[in-house]
Every structure is written in structure tokens, then in C-alpha cells.
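Peer 1:
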Amino acid sequence: MARKKLPKDIDDIQDIMGSICDKWALLILHQLSLGTRRHGELHRAIHGISHKMLTQTLRKLERDRIVRRTVHPVVPPRVDYALTRLGSTLTAPLHALYRWTERHRQEIHRARCAVEIQTIPPS
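Those letters in the sequence shown? Residues 740 to 862, by my numbering.
1. Under 8 Å by Cβ, that's how I've got THR828 and SER772 pegged, so tell me the actual separation to the nearest angstrom.
2. Can you list, in chain order, the residues of its chain whose CB lies under 8 Å from that of VAL818, leaving out five sequence neighbours each side?
3. Any contact between the segment 762-769 and the segment 780-800? By contact I mean 3 or more CB pairs, one from each, below 8 Å.
4. Quick check: the Cα distance between ALA784 and ARG842, rounded to an integer number of angstroms?
5. Tell me the DSSP bridge mates of THR823?
6. Along the chain, where does the alpha helix (DSSP H) that runs through ARG804 open and close?
7. State the CB to CB distance for the pair THR874 and TYR820, rounded to an integer number of angstroms; the pair is presumed to be in contact (CB under 8 Å).
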């Protein structure tokens, strides 16, 4: 069955939300909300992210003008990443989401454990 074409504004919103709300982008944005970081600092702070995925996600956020990449003319080259003015507007909602997650973490953990117990087949 053919999918209905969404209105352009809804399609744009879904595209942007998908870009900033993916697993790695949220973690990168959280780290950058704490201050300017170098690639290696981000990689060490975000457990499980590969160098390739970090680079791809930073490029996507830079493309959307949410993150600014600054190359310093030194040897060896130094590159910093920071939130742009637009990216900084994400800080308050991002921190609210982080605080919500902290407050409800145990409740969600219990719910997940309950589902896992229900889905374990009898031996």
C-alpha cells in the first residue's frame, strides 16, 4: 500500500527532529552544552560511539548550523566543536529531557525488567 505524502512542513519537522534527536546527536549536544570540546574529548565522554559515527554526526549537526567547527592554525591542527547560537537554544529543552530521564530512570528500569521477566520462556 502506498504511503500518504506528508505536507511539506510536517515532513521538514520530522526530518529535523530525526537529525537532532538521534541517539548520538543527543549525547553530543549534551556534551557541547557543557562547553567547547575537541573530537577526542567527545569520543572519550560518549561511551560506545565510534570515531566514524562521531564524525558523521558532528558533520550533520554542523550542516544544520547547530554545531560550529573551528580549526585553529597550529601544528598539529587543533579542531574545536561548540554549539552555535541556534544550537544553544536546544540547551534548555535538552537539560529538561535529561532531568526527566534522571527522575524516572528507576521507574523505567523496573518496567523494562518486568517486561523481560514476562518474555523469558520457561525452561
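The beta carbon of each residue, even a glycine, is placed where N, CA and C say it ideally should be.
Peer 2: Put simply:
1. Not a contact, Cβ separation roughly 11 Å.
2. ARG777, HIS778, ARG808, THR809, VAL810 and HIS811
3. yes
4. 22 Å
5. DSSP, once it has assigned bridges, lists no residue as partnering THR823.
6. That residue, ARG804, is in no alpha helix (DSSP H); it is neither H nor E in DSSP.
7. Outside the shown range of the chain, which is 740 to 862, sits residue 874, and nothing can be said about it.
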